[in-house]
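**Q** Reading the sequence shown from the start, the letters are residues 37 to 248 in our numbering.
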Amino acid sequence: MNNEQSKHYKMFLSVQMHLDANTPVWSRVNRLVACKNDLDELIGRMEEKDEETLKGLSLSKNKQSLKKSIALKTSILSGQLQAYAEEQNLTDLLAKAKMSRTQLEATKDADLSPTVKSVANLATRYLNELADYGTSEGLITETLTSLEDFKALIGQPRNIINNKYVSINALAGLIDECTNVLTKRMDKMMLQFVETDPEFYQGYERSRVIVG
37 MNNEQSKHYK MFLSVQMHLD ANTPVWSRVN RLVACKNDLD ELIGRMEEKD EETLKGLSLS
97 KNKQSLKKSI ALKTSILSGQ LQAYAEEQNL TDLLAKAKMS RTQLEATKDA DLSPTVKSVA
157 NLATRYLNEL ADYGTSEGLI TETLTSLEDF KALIGQPRNI INNKYVSINA LAGLIDECTN
217 VLTKRMDKMM LQFVETDPEF YQGYERSRVI VG
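#1: Beta-carbon within less than 7 angstroms of G170's beta-carbon, same chain only, minus the 5 sequence neighbours each way: which residues are those?
#2: Measure the alpha-carbon distance for L175 versus S105 and round it to whole angstroms.
#3: Check A146 in the structure and name its three-state DSSP category.
#4: Sorted by chain position, which residues of the same chain lie with C-beta nearer than 8 angstroms to A70's C-beta, five sequence neighbours on each side aside?
#5: Taking the alpha-carbon of E165 as reference, which of A188, V152 and A121 has the nearest alpha-carbon?
#6: Can you tell me which of the three DSSP states G239 falls into?
#7: Can you grab the Cα-Cα spacing for the pair S101 / Q124, in whole Å?
#8: Between which residues of its own chain and T151 is the CB-CB distance below 6 angstroms, once the five residues before and five after are set aside?
#9: Taking the alpha-carbon positions, what's the L10 to F229 distance?
#10: Touch check for the region 126 to 139 and the region 184 to 192: three-plus C-beta pairs under 8 angstroms?
#11: Taking the C-alpha atoms as reference points, what is the distance between F236 and V61?
#12: Considering only the beta carbon of each residue, do T179 and L113 sit closer than 8 angstroms?
#13: Grouping DSSP H, G and I as helix and E and B as strand, with all else coil, what is M222?
#14: As a quick exercise: from K109, K46 and K103, pick the residue whose alpha carbon is nearest that of G80.
#15: Pick helix, strand or coil for Y201, following the three-state DSSP scheme.
#16: What are the start and end residues of the alpha helix (DSSP H) that includes K103?
#17: Can N73 and T215 be called in contact, C-beta distance under 8 angstroms?
#18: So S243 packs on S50, CB below 8 angstroms; how close in whole Å?
#19: Let me check understanding here. Comparing Cα to Cα, which of N66, G209, E40 and F48 lies closest to A167?
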């Protein structure tokens, strides 16, 4: 990876981390969730292509920050499951889905994966029923992708959840595609937050700056 590619990669990471830290703001926009999933996949594939060069750069993905993001995303899914279970009087589902953000943040690193996956699996199982509660396949994928990133940071094998860009072999091609995801799709969808959540939007704009 050359210096110019490294600058772009750092910007992609900055966008990813800003979105991870503000999941409740944008996660109800299904097309934006799909766009974020594409961004996550492309970053993961860049790291696969140039593992040694990116190893140091990816350390900027702070483990505790990522764990908090996973806890937040999982608690959103858990809350949607719990609301459905309460309304339908499904006591067994309620017991299985009950998981707070605080509990998840306190979970041992090595135990986080099975805990998150159990909630994600329940959300997948009841996906149709949960549509009116804000659950989407994209949000589940988003949660599991963050979990895979976390596993890589604690030395566990990581799997890339999406396979949309599996055919792109060159690092330059991945960077170009990631740039397209941001400029042609995400930047435009983010305009909806200019007035509704200016602080979030301004943070997004800052994350999009390529630092020389």
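Heads up, the beta-carbon is just placed ideally off N, CA and C, and yes, glycines get one too.
**A** Taking the geometry as given:
#1: Here residue 170 is taken as the residue at index 134 of the sequence shown, counted from 1. So the qualifying residues of the chain are R64 and Q116.
#2: Within the sequence shown, residue 175 is the residue found at index 139, counting from 1. Within the sequence shown, residue 105 is the residue found at index 69, counting from 1. Cα to Cα, the separation comes out at about 13 angstroms.
#3: Position 110 of the sequence shown, counted from the first residue, corresponds to residue 146. In this structure, A146 counts as helix in the three-state DSSP scheme.
#4: For the purposes of this step, residue 70 is taken as residue 34 along the sequence shown, with counting starting at 1. Around A70, the same chain offers G174 as residues with beta carbons nearer than 8 angstroms, after the five sequence neighbours per side are excluded.
#5: Translated into positions along the sequence shown, residue 165 becomes position 129. The residue from A188, V152 and A121 with its alpha-carbon nearest to that of E165 is A121.
#6: As a first step, residue 239 must be located in the sequence shown, where it is residue number 203. The answer is helix: DSSP assigns G239 an H, G or I state.
#7: Translated into the one-based positions of the sequence shown, residue 101 becomes position 65. Translated into the one-based positions of the sequence shown, residue 124 becomes position 88. Rounded to the nearest angstrom, the two C-alpha atoms are 35 angstroms apart.
#8: Looking up residue 151 in the sequence shown gives position 115. Same-chain partners within the cutoff: T143.
#9: Coverage of the chain is limited to positions 37 through 248, which leaves residue 10 absent and any answer about it impossible.
#10: Fewer than three Cβ pairs drawn from the region 126 to 139 and the region 184 to 192 lie within less than 8 angstroms of each other, which leaves the two stretches out of contact.
#11: As a first step, residue 236 must be located in the sequence shown, where it is residue number 200. As a first step, residue 61 must be located in the sequence shown, where it is residue number 25. Roughly 8 angstroms separates the two Cα atoms.
#12: On the sequence shown, residue 179 is found 143 positions in, with the first residue counted as 1. On the sequence shown, residue 113 is found 77 positions in, with the first residue counted as 1. Contact flag set, yes.
#13: Here residue 222 is taken as the residue at index 186 of the sequence shown, counted from 1. It is helical.
#14: Position 44 of the sequence shown, counted from the start, is the residue given in the question as residue 80. Here the closest residue by C-alpha is K46.
#15: Locating residue 201 in the sequence shown gives position 165, where the first residue counts as 1. Coil, per DSSP.
#16: The residue labelled residue 103 in the question sits at position 67 within the sequence shown. Per DSSP, K103 belongs to the alpha helix (DSSP H) from K99 to Q124.
#17: Mapped onto the sequence shown, residue 73 falls at position 37. Mapped onto the sequence shown, residue 215 falls at position 179. The answer is no: Cβ separation not under 8 angstroms.
#18: Here residue 243 corresponds to residue number 207 of the sequence shown, with the count starting at 1. Here residue 50 corresponds to residue number 14 of the sequence shown, with the count starting at 1. Yes, S243 and S50 are in contact; Cβ-Cβ is about 4 angstroms, under 8 angstroms.
#19: Counting from 1 along the sequence shown, the entry for residue 167 is found at position 131. When only C-alpha atoms are compared, the closest one is N66.
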